[in-house]
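Reading through the structure tokens given below for one structure.
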Amino acid sequence: MTTNNHPAHGPVSLERLHQISEILSKAAAQSDGGNLGYAMADAVKVIDGAIAVFGAEPVAWVRYCSDGTIDGPLLNYQIDDCRKSTWTPLYAAPQLPQLPQLPQLPQLPQLPQLPQSAPVVPEEMYWQDAPVEGSTRSAAYATGWNACRAAMLQCADSNSPVIPDCWCRTCRPVTMSDMRFVVCPDCGNKRCPHANDHKNACTGSNEPGQVGSAYPAAPQQEVNRG
């Protein structure tokens, strides 16, 4: 009668394999031979091989002598513990090296992402300044240098910050390719200081030379009184 706490109801451990091998060895020795006895003897061999692999136990031992000869091999049960220090074990399967247990590293805090600084773009190169000899090679070097520079400038332009929604010239400077015509939203004059910077007050005047305006006063021409 079997019970639930019998080792047969659990996983096959290394100790359980030794027990099964011992039981089958005794049963095979007490049998009268025949197919059952041979089957049990073969099962013992299979289990012993599984024990050697499962438990990383050597299947044999040899000793390398100083004169180049080898003593053995001796099976695992044929060698006593006192001689294992001078004999070399042989395993049925390659042994994996035992790696040291690494200490658990503390979790690093999440660092804030800092804004990336603007890329440093080199100056444009002329073929006379190329660090190579020969006009043809210098021209090719300068061409490649300037092409790389153009690509860096294009990448820098694509990563430029988003233009704010403000309308004044200070927040949104007018470029050569910009078709905007900036005027004061209150008086409609382009020379009003409020059109140049939204922080300036509206003067309602379109005269040049106002303080804070983007349009300076026109230079006065000297009158020749000759």
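Numbering (the UniProt record's numbering), first residue to last: 1 to 226. Backbone N, C-alpha and C define an ideal beta-carbon position, used for all residues, glycine too.
Tell me, to the nearest whole angstrom, how far the beta carbon of residue i is from that of residue j; I am working on the premise that it is less than 8 Å.
i	j	result
Trp87	Val62	6 Å
Asn196	Ala214	4 Å
Ala41	Ala28	5 Å
Would you mind working out which of the options sits nearest residue i, comparing C-alpha positions?
i	options	result
Leu75	Pro89, Cys65 and Asp67	Pro89
Leu153	Gly188, Pro185, Glu123 and Glu207	Glu123
Cys168	Cys148, Ala150 and Lys199	Lys199
Tyr64	Ser85, Gln78 and Ala151	Ser85
Cys187	Arg172, Gly72, Thr170 and Glu207	Glu207
Using C-beta distances below 7 Å, list every residue in its chain close to residue i, excluding the 5 sequence neighbours before and after it, in chain order.
i	result
Val162	Reliability of the predicted coordinates at Val162 is poor, the pLDDT of 49 falling under 50, and the value obtained from them is presented with this limitation in mind. No residues qualify anywhere along the chain.
Thr203	Cys192, Pro193 and Gln210
Met125	Ala142, Trp145 and Asn146
Ala130	Ser138, Tyr141 and Ala142
Arg149	Val121, Pro122 and Glu124
Thr170	Asn196 and Asp197
Glu15	none
Could you please give the first and the last residue of the uninterrupted alpha helix (DSSP H) stretch that includes residue i?
i	result
Ala195	Pro193 to Asn196
Within a Cβ cutoff of 8 Å, which residues of the same chain sit near residue i, ignoring the five residues on either side of it in sequence?
i	result
Ile47	Leu17, Ile20, Ser21 and Leu24
residue 260	Residue coverage of the chain in this structure runs from 1 to 226, which leaves residue 260 outside it and unanswerable.
Cys166	Arg172 and His198
Pro73	Ala60, Trp61, Val62 and Leu90
Thr136	none
What are the boundary residues of the beta strand (DSSP E) that includes residue i?
i	result
Thr170	Neither: Thr170 is in no beta strand (DSSP E) and is coded neither H nor E.
Val132	Unbroken run through Val132: none, as it is neither H nor E.
Thr88	Thr88 to Leu90
Ile79	Ile79 -> no beta strand (DSSP E), and no H or E assigned at all.
Ala60	Ala60 to Tyr64
Gly72	Ile70 to Leu75
Beta-carbon within less than 6 Å of residue i's beta-carbon, same chain only, minus the 5 sequence neighbours each way: which residues are those?
i	result
Val132	Ser138 and Tyr141
Lys190	Val183
Ser31	Gly37
Ala43	Leu24
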